[in-house]
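Residue numbers (my numbering): 34 to 249. Only one structure is covered here, and it is reproduced in the block below.
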């Protein structure tokens with residue numbers, strides 16, 4: 034959507050969006066459910082729990098819109114530097130997938146540092162990440178898959194750019210999370226109302242994915 038507003042070619046097609054959905058659903062439905070909850074403070078009121086939901090959606094929308102702007106800028110810059118549309122699409126898509134994985138890492142914790150998040154064990158996370166990387170590699174490396182996705186070949190310098198941009202976006206999103214104060218508030222713990230920390234992270238990631246995918 035964003036490129037069309039500036040007269041640029043369409044970045045992604047329905048197949049690309051379907052691929053991204055394969056990243057979103059396992060990450061939000063499986064990975065976060067297997068995370069251990071962070072230590073809670075005493076029970077909170079319903080009002081404070083509602084504030085926590087608002088904080089989660091604000092975090093997701095902020096990080097997602099930031100990612101969308103950066104990825105769209107990368108696509109425009111790639112075209113400006115003379116890359117063919119298919120080559121620029123492959124570079125942009127690879128970067129967006131890396132950024133989407135970054136959303137998951139950022140949202141694994143309400144406020145812990147990125148280093149602490151990396152040290153936390155979660156086999157489901159790394160299995161889902163490995164599967165995503167494997168599917169992405171197939172999409173950009175196999176000639177038949179590249180034709181299906183309308184990708185050009187990725188060269189070593191393109192891969193280096195995608196990795197560098199992915200890491201930069203991850204660090205930027207982490208800084209944005211810390212600047213926003215993470216997911217502020219405490220989950221409510223009553224017999225009728227209980228909100229898990231990672232459910233909030235899941236919702237924050239879903240909002241972030243939706244905003245980030247505006248580049249399509």
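The beta carbon of each residue, even a glycine, is placed where N, CA and C say it ideally should be.
Closest by C-alpha distance to residue i, when choosing among the options
i	options	result
residue 156	190, 58, 54 and 66	66
residue 57	123, 174, 164 and 44	164
residue 208	43, 45 and 95	95
residue 104	211, 168 and 194	194
residue 205	45, 98 and 149	98
residue 181	169, 148 and 101	169
residue 101	140, 171 and 44	44
residue 167	42, 52 and 46	52
Nonlocal neighbours in the same chain, by C-beta distance under 7 angstroms from residue i, ignoring five residues either side
i	result
residue 64	137, 155, 157, 158 and 161
residue 199	128, 131, 132 and 135
residue 46	183
Chain-order list of residues whose beta-carbon lies under 6 angstroms from that of residue i (same chain, five-residue window excluded)
i	result
residue 197	none
residue 59	161
residue 224	With a pLDDT of 33 at residue 224, under the threshold of 50, the modelled position of this residue cannot be trusted; read the value that follows with caution. Cβ neighbours of residue 224 beyond the five flanking positions: none.
residue 191	124
Residue i to residue j span [Cα, whole Å]
i	j	result
residue 119	residue 183	6 angstroms
residue 50	residue 203	21 angstroms
residue 109	residue 153	37 angstroms
residue 62	residue 54	12 angstroms
residue 174	residue 212	38 angstroms
residue 111	residue 149	35 angstroms
residue 117	residue 176	17 angstroms
residue 171	residue 91	34 angstroms
residue 139	residue 151	10 angstroms
residue 218	residue 178	In this prediction, residue 218 scores a pLDDT of 47, lower than 50, which makes its location untrustworthy; the coordinate-derived value is nonetheless stated afterwards. Whole-angstrom Cα-Cα distance: 45 angstroms.
residue 106	residue 141	27 angstroms
residue 228	residue 42	Here the model assigns residue 228 a pLDDT of 42, short of 50, so the residue's position is not dependable, and the following value carries that caveat. The straight-line gap from Cα to Cα measures roughly 42 angstroms.
residue 231	residue 113	Any reading at residue 231 needs caution, since the residue's pLDDT is 45, under 50, leaving its predicted position unreliable; the model's value is listed next. Rounded to whole angstroms, residue 231 to residue 113 spans 41 angstroms at the Cα level.
residue 220	residue 201	For residue 220, the predicted structure reports a pLDDT of 41, less than 50, and the residue's modelled location is therefore unreliable. A value from the coordinates is still provided. Each residue's Cα considered, the two are about 31 angstroms apart.
Contacting residues, own chain, Cβ-Cβ under 8 angstroms from residue i (five flanking each side not counted)
i	result
residue 48	181 and 182
Check: How do the stretch 185-192 and the stretch 109-125 stand: do at least 3 beta-carbon pairs fall below 8 angstroms, yes or no?
Finding: yes
Notebook entry, point to check: What are the complete alpha helix (DSSP H) segments, minimum 4 residues, inside the stretch 154-216?
Noted result: 156-174, 176-182 and 189-213
Check: Which parts of the stretch 109-146 are runs of the alpha helix (DSSP H), unbroken and 4 residues or longer, counting only runs that do not cross its ends?
Finding: 118-140
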